[in-house]
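**Q**
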Amino acid sequence: SYVVCCHLVCPETGKWSALCNPTPPTRCNTNGVGQGLNSAKWVLPLEYVFALAIHEPSRKLFVGGIFLAAGQKFRLVHSLAEYNLDTHAWSVVGKGISGPNVRLSTMALKGNNLYIGGFFTHVGKQNDDIFRPGTESHAIAKLDVTTQEWTGFGRALKGQTVHAITVLADGEIFVGGDIILLNEATVAGGLVHYDGVGAWDDLGGGFTREDGNAPTVYAMVETTEPLPMLLPTRSQRAGARMLSPV
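To get this note's numbering, take the position in the sequence shown, counting from 1, and add 586.
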C-alpha cells in the first residue's frame with residue numbers, strides 16, 4: 587500500500603482507505619490529522635503534512651507537519667504523530683514536541699532512530715504539558731523508536747528552521763534549511779554538519795546567494811562521487827564524501 591496524506595491506497599485495487607478505525611476503542615476521526623481546539627476552544631483548521639516515515643519492525647507510520655490533532659478530533663497532538671498500521675490507532679510520539687508555532691518539516695529514519703527537523707524548542711512534551719519540562723532541542727532531535735526516548739541537540743540551532751536531514755552510517759548528520767546562524771553566532775549559509783559525538787561546524791560558511799544572503803536548503807543527497815557543478819568549492823570537504831543540496 588502507498589500512504590498519501592493520511593490515507594492508504596492499495597496499488598492492486600486502486601482503492602483508498604482512511605488511516606482510521608472509527609469503532610471503539612479507537613473512535614478516531616476519519617480525517618486523520620488536522621483540526622484541534624486552541625485555548626479559547628475554537629476549532630482550528632490546521633492540517634499540513636510535510637513528512638512521512640515508516641518503521642517496518644514496529645509497523646508504525648510517523649507523520650509530521652502542522653496540525654493540532656491526530657486520530658480523535660479533539661485530542662491535541664502537535665505536529666508529530668504516529669499511526670499503528672495494525673491497530674489503526676493514532677498516538678503522540680515520545681510525549682510530543684513543543685515551542686511557538688511548532689512545525690515538523692522533515693524526518694530521517696536510520697535503524698531504530700528517527701531524526702526529526704523543523705521549528706520547535708523542546709521534545710518530550712507538548713505545549714499544553716505545563717508541568718512537564720521536556721528536553722531542550724531546537725529544530726532537530728532524535729527519537730529511539732523502540733523506547734520512545736529522545737536525544738536532544740541543545741541550542742545549536744536555536745531560532746533556525748530545519749528542512750532536510752541526511753544521516754550517514756557513522757552517525758554524522760548534515761542538516762539543511764533556513765539556517766543563518768549556528769550556536770547563535772557563526773554564519774551557517776543554510777547548511778551545517780554534526781560529527782556524531784557532540785561537535786557542530788558550519789562547513790566553511792555554507793552557501794551564499796548572489797544578493798549575499800543565506801539560501802534555504804530543502805533537500806540533500808548522499809554520494810561518494812564528486813559533484814563539482816552542484817557544490818561550491820568552499821563547501822567541499824577534504825577526503826571523498828560530499829553532500830549536495832538538490
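For each residue, glycine too, the CB sits at the ideal point set by N, CA and C.
1) My parser needs the beta strand (DSSP E) runs of 3 or more residues fully inside the stretch 679-721; what are they?
2) Which word fits E770, buried or exposed, when buried means at least 16 other C-beta atoms lie within 10 angstroms of its C-beta?
3) Determine, using beta carbons only, whether K646 and N670 come nearer to each other than 8 Å.
4) In chain order, what residues of the same chain lie with their CB nearer than 7 Å to the CB of V589, ignoring the 5 residues before and after it?
5) Apart from the five residues on each side of it in sequence, which residues of its chain come closer than 6 Å, Cβ to Cβ, to R718?
6) Taking 8 Å as the limit between beta carbons, can you name the residues of its chain near L743, skipping five residues before and five after?
7) What does the Cβ neighbour count give for T732, buried or exposed, with the cut at 16 atoms within 10 Å?
8) Taking only runs of the beta strand (DSSP E) that begin and end inside the stretch 746-791, which ones reach a length of at least 3 residues, in chain order?
9) Suppose you measure from the CA of L690 to the CA of A655; what does that come to, to the nearest Å?
10) Have a look at L729, S644 and F636 and flag the residue whose alpha-carbon is nearest the alpha-carbon of D672.
11) Can you list, in chain order, the residues of its chain whose CB lies under 6 Å from that of G757, leaving out five sequence neighbours each side?
12) Pick helix, strand or coil for A725, following the three-state DSSP scheme.
13) Check for me: the beta strand (DSSP E) holding K646 runs from which residue to which?
14) Exposed or buried, G622, counting other C-beta atoms within 10 Å across all chains shown (16 or more means buried)?
15) For G798 versus A774, is the C-beta distance shorter than 8 Å?
16) Helix or strand or just coil, what does DSSP make of T733?
17) Considering only residues of the same chain and omitting the five flanking positions on each side of R741, which have a CB-CB separation below 6 Å?
18) Exposed or buried, N713, counting other C-beta atoms within 10 Å across all chains shown (16 or more means buried)?
19) What did DSSP end up calling N670 once you bin it into helix, strand or coil?
20) So, using beta-carbon positions, are T794 and H749 closer together than 8 Å?
21) Would you mind sorting G657 into buried or exposed? The rule is 16 or more other CB atoms within 10 Å of its CB.
22) State the Cα-Cα distance for the pair Y701 and G776, rounded to the nearest angstrom.
**A** Well, looking at it:
1) 689-696 and 699-705
2) Taking the first residue of the sequence shown as 1, we reach residue 770 at position 184. By the neighbour-count rule (16 or more Cβ atoms within 10 Å), E770 is not buried but exposed.
3) Along the sequence shown, read from residue 1 onward, the residue named residue 646 stands at position 60. Along the sequence shown, read from residue 1 onward, the residue named residue 670 stands at position 84. Contact: yes.
4) As a first step, residue 589 is located in the sequence shown; it is residue number 3 there, counting from the start. Per-residue confidence for V589 stands at a pLDDT of 48, beneath the threshold of 50, marking its modelled position as unreliable; no derived number is given.
5) On the sequence shown, residue 718 is found 132 positions in, with the first residue counted as 1. Cβ within range, chain order: K711.
6) Numbered from 1 along the sequence shown, position 157 holds the residue referred to as residue 743. Around L743: H724, A725, I726, V761, I765, L768 and V778.
7) Reading the sequence shown from its first residue, position 146 is the one you call residue 732. Exposed, since its Cβ has fewer than 16 Cβ neighbours within 10 Å.
8) 747-753, 759-764 and 777-780
9) As a first step, residue 690 must be located in the sequence shown, where it is residue number 104. As a first step, residue 655 must be located in the sequence shown, where it is residue number 69. In a straight line, the C-alpha of L690 is about 14 Å away from that of A655.
10) Sequence index remark: in the sequence shown, residue 672 carries index 86 (1-based). D672 has its Cα closest to that of S644, out of L729, S644 and F636.
11) Residue mapping note: residue 757 aligns to position 171 of the sequence shown, counting from 1. These residues qualify, in order along the chain: G782.
12) Taking the sequence shown and counting its residues from 1, the one referred to as residue 725 is at position 139. It is coil, neither helix nor strand.
13) Here the question's residue 646 lines up with position 60 in the sequence shown. K646 -> beta strand (DSSP E) spans K646 to F653.
14) Walking along the sequence shown from the start, residue 622 turns up at place 36. Its pLDDT being 49, under 50, G622 is placed unreliably in this model, and the value from its coordinates should be taken loosely. G622 is buried by the Cβ-count criterion.
15) Start at 1 with the first residue of the sequence shown, and residue 798 comes out as number 212. Start at 1 with the first residue of the sequence shown, and residue 774 comes out as number 188. No. Outside cutoff.
16) If you number the sequence shown from 1, residue 733 lands on position 147. Three-state result, T733: coil.
17) Position 155 of the sequence shown holds residue 741. So the list reads H724, once near-sequence residues are dropped.
18) Sequence index remark: in the sequence shown, residue 713 carries index 127 (1-based). Result: buried.
19) Taking the sequence shown and counting its residues from 1, one reaches residue 670 at position 84. Correct three-state label for N670: strand.
20) Residue 794 sits at position 208 when you count from the first residue of the sequence shown. Residue 749 sits at position 163 when you count from the first residue of the sequence shown. Not in contact: T794 and H749 (Cβ atoms no closer than 8 Å).
21) In the sequence shown, the residue the question calls residue 657 occupies position 71. Note on G657: 16 or more other CB atoms within 10 angstroms of its CB, so buried under the neighbour-count rule.
22) As a working mapping, residue 701 is identified with position 115 in the sequence shown. As a working mapping, residue 776 is identified with position 190 in the sequence shown. Taking the straight line joining both Cα atoms gives about 18 Å.
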